[in-house]
Amino acid sequence: MLEYLRWFAAILILSSTITLLLSRDWRLSLGVLAVQYLAVFTILLTHWPLTMSAAKLVTGWMAAATLGMTLANQADFLPVQSSRLFKFFLALVVVGAVLQAASAVNGWIPAAGLPLIFASLTLIGLGILQLGMTVEPFR
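For the sequence shown, this note's numbering assigns the number 94 to the initial residue and increments by one for each residue that follows.
Right, dumping it as C-alpha coordinates:
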(Lines of atoms letter the chains of each structure in order from A and count residues from 1; the text may use other names and numbers.)
(Lines give C-alpha, C1' and ligand atoms only; values in the text may rest on other atoms or scores of the structure.)
Protein backbone atom coordinates (compact mmCIF):
# COMPACT_ATOMS: atom_id res chain seq x y z
CA MET A 1 0.00 0.00 0.00
CA LEU A 2 2.84 2.37 0.82
CA GLU A 3 4.40 1.75 -2.59
CA TYR A 4 1.15 2.81 -4.28
CA LEU A 5 1.19 6.03 -2.28
CA ARG A 6 4.76 6.73 -3.39
CA TRP A 7 3.90 6.16 -7.04
CA PHE A 8 0.75 8.28 -6.72
CA ALA A 9 2.85 11.13 -5.31
CA ALA A 10 5.44 10.70 -8.09
CA ILE A 11 2.75 10.82 -10.80
CA LEU A 12 1.18 13.84 -9.09
CA ILE A 13 4.59 15.56 -9.12
CA LEU A 14 4.95 14.78 -12.83
CA SER A 15 1.51 16.11 -13.72
CA SER A 16 1.87 19.22 -11.57
CA THR A 17 5.27 20.02 -13.03
CA ILE A 18 3.95 19.73 -16.59
CA THR A 19 0.95 21.87 -15.63
CA LEU A 20 3.29 24.51 -14.19
CA LEU A 21 5.29 24.44 -17.41
CA LEU A 22 2.22 24.93 -19.61
CA SER A 23 0.08 27.21 -17.45
CA ARG A 24 -0.03 30.93 -18.15
CA ASP A 25 -2.49 31.83 -15.36
CA TRP A 26 -0.66 32.68 -12.16
CA ARG A 27 -3.62 31.69 -9.98
CA LEU A 28 -3.67 28.19 -11.41
CA SER A 29 0.11 28.00 -11.15
CA LEU A 30 0.05 28.85 -7.44
CA GLY A 31 -2.62 26.25 -6.75
CA VAL A 32 -0.67 23.62 -8.66
CA LEU A 33 2.50 24.65 -6.81
CA ALA A 34 0.73 24.06 -3.49
CA VAL A 35 -0.42 20.62 -4.69
CA GLN A 36 3.13 19.88 -5.85
CA TYR A 37 4.52 20.65 -2.40
CA LEU A 38 1.88 18.38 -0.88
CA ALA A 39 3.01 15.56 -3.19
CA VAL A 40 6.67 16.23 -2.31
CA PHE A 41 5.70 16.09 1.37
CA THR A 42 3.98 12.75 0.79
CA ILE A 43 6.91 11.19 -1.01
CA LEU A 44 9.47 12.53 1.47
CA LEU A 45 7.43 11.32 4.42
CA THR A 46 8.40 7.75 3.56
CA HIS A 47 12.12 8.59 3.87
CA TRP A 48 12.35 11.52 6.31
CA PRO A 49 10.89 12.15 9.76
CA LEU A 50 7.55 13.94 9.91
CA THR A 51 9.07 17.20 11.16
CA MET A 52 11.50 17.52 8.25
CA SER A 53 8.83 16.63 5.71
CA ALA A 54 6.39 19.08 7.27
CA ALA A 55 9.05 21.80 7.15
CA LYS A 56 9.31 21.25 3.38
CA LEU A 57 5.52 21.46 3.05
CA VAL A 58 5.14 24.62 5.15
CA THR A 59 8.06 26.32 3.39
CA GLY A 60 6.55 25.60 -0.02
CA TRP A 61 3.11 26.81 0.97
CA MET A 62 4.59 29.98 2.46
CA ALA A 63 6.51 30.60 -0.78
CA ALA A 64 3.30 30.12 -2.77
CA ALA A 65 1.47 32.56 -0.47
CA THR A 66 4.26 35.11 -0.84
CA LEU A 67 4.17 34.80 -4.62
CA GLY A 68 0.39 35.14 -4.54
CA MET A 69 0.58 38.39 -2.58
CA THR A 70 3.23 39.69 -4.96
CA LEU A 71 1.27 38.79 -8.09
CA ALA A 72 -2.11 40.05 -6.87
CA ASN A 73 -1.74 43.31 -8.84
CA GLN A 74 -0.24 41.77 -11.98
CA ALA A 75 -2.15 41.51 -15.25
CA ASP A 76 -2.96 38.07 -16.62
CA PHE A 77 -0.74 36.63 -19.33
CA LEU A 78 -2.21 35.70 -22.68
CA PRO A 79 -1.58 32.08 -23.68
CA VAL A 80 0.30 31.39 -26.87
CA GLN A 81 -0.80 28.03 -28.25
CA SER A 82 2.27 27.28 -30.37
CA SER A 83 4.68 27.76 -27.50
CA ARG A 84 2.52 25.61 -25.22
CA LEU A 85 2.54 22.76 -27.74
CA PHE A 86 6.31 23.08 -28.15
CA LYS A 87 6.80 23.07 -24.36
CA PHE A 88 4.60 19.99 -24.05
CA PHE A 89 6.67 18.05 -26.59
CA LEU A 90 9.88 19.14 -24.90
CA ALA A 91 8.43 17.99 -21.58
CA LEU A 92 7.76 14.58 -23.13
CA VAL A 93 11.39 14.40 -24.26
CA VAL A 94 12.58 15.27 -20.75
CA VAL A 95 10.24 12.69 -19.21
CA GLY A 96 11.63 10.08 -21.61
CA ALA A 97 15.15 10.94 -20.49
CA VAL A 98 14.03 10.79 -16.85
CA LEU A 99 12.54 7.33 -17.36
CA GLN A 100 15.82 6.12 -18.84
CA ALA A 101 17.97 7.71 -16.15
CA ALA A 102 15.79 6.63 -13.21
CA SER A 103 16.62 2.95 -13.60
CA ALA A 104 20.35 3.70 -13.76
CA VAL A 105 20.23 5.91 -10.68
CA ASN A 106 18.16 3.26 -8.90
CA GLY A 107 21.06 0.87 -9.46
CA TRP A 108 23.41 3.33 -7.77
CA ILE A 109 21.09 4.21 -4.87
CA PRO A 110 18.71 1.28 -4.44
CA ALA A 111 17.61 2.32 -0.93
CA ALA A 112 15.98 5.51 -2.25
CA GLY A 113 13.38 3.67 -4.28
CA LEU A 114 12.28 4.20 -7.85
CA PRO A 115 9.35 6.58 -7.10
CA LEU A 116 11.59 9.02 -5.21
CA ILE A 117 14.26 8.91 -7.90
CA PHE A 118 11.67 9.39 -10.65
CA ALA A 119 10.07 12.33 -8.83
CA SER A 120 13.44 13.94 -8.10
CA LEU A 121 14.72 13.64 -11.65
CA THR A 122 11.38 14.91 -12.95
CA LEU A 123 11.58 18.02 -10.77
CA ILE A 124 15.19 18.63 -11.80
CA GLY A 125 14.69 18.05 -15.52
CA LEU A 126 11.43 19.93 -15.98
CA GLY A 127 12.60 22.68 -13.63
CA ILE A 128 15.67 23.28 -15.78
CA LEU A 129 13.43 23.25 -18.86
CA GLN A 130 11.15 25.83 -17.21
CA LEU A 131 14.10 28.07 -16.36
CA GLY A 132 15.48 27.82 -19.86
CA MET A 133 12.20 28.53 -21.64
CA THR A 134 10.89 31.56 -19.77
CA VAL A 135 11.71 35.25 -19.90
CA GLU A 136 9.10 36.34 -17.35
CA PRO A 137 10.46 36.74 -13.81
CA PHE A 138 7.49 35.19 -11.98
CA ARG A 139 7.16 32.16 -14.25
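Ideal Cβ placement from N, Cα and C applies to all residues, glycine included.
The model shown is predicted, which means the values in this text are computed figures rather than measured ones.
| Under a three-way DSSP split, which group does residue 166 fall into? | coil
| task | State buried or exposed for residue 218, treating a residue as buried only when at least 16 other CB atoms are found within 10 Å of its CB. | result | buried
| request: Pull up the CB-CB distance for residue 114 and residue 223, whole angstroms please, since I reckon it's below 8 angstroms. | output: 5 angstroms
| said: Please report the straight-line C-alpha distance between residue 152 and residue 183, rounded to a whole angstrom. | reply: 29 angstroms
| Enumerated in chain order, which unbroken segments of the alpha helix (DSSP H) with a length of 4 residues or greater are wholly contained in the region 165–219? | 174–201
| field | Euclidean distance between Cα positions of residue 134 and residue 149 | value | 7 angstroms
| query | How far does the alpha helix (DSSP H) with residue 128 in it reach, from first residue to last? | reply | 119–138
| said: With three or more C-beta pairs closer than 8 angstroms as the rule, is the region 205–220 touching the region 97–109? | reply: yes
| As assigned by DSSP and simplified to three states, the class of residue 155 | helix
| request: Taking 8 angstroms as the threshold, find out whether the region 135–142 comes into contact with the region 114–123 through three or more Cβ pairs. | output: no
| Of the residues 225, 208, 161 and 196, which one's Cα is nearest the Cα of residue 122? | 161
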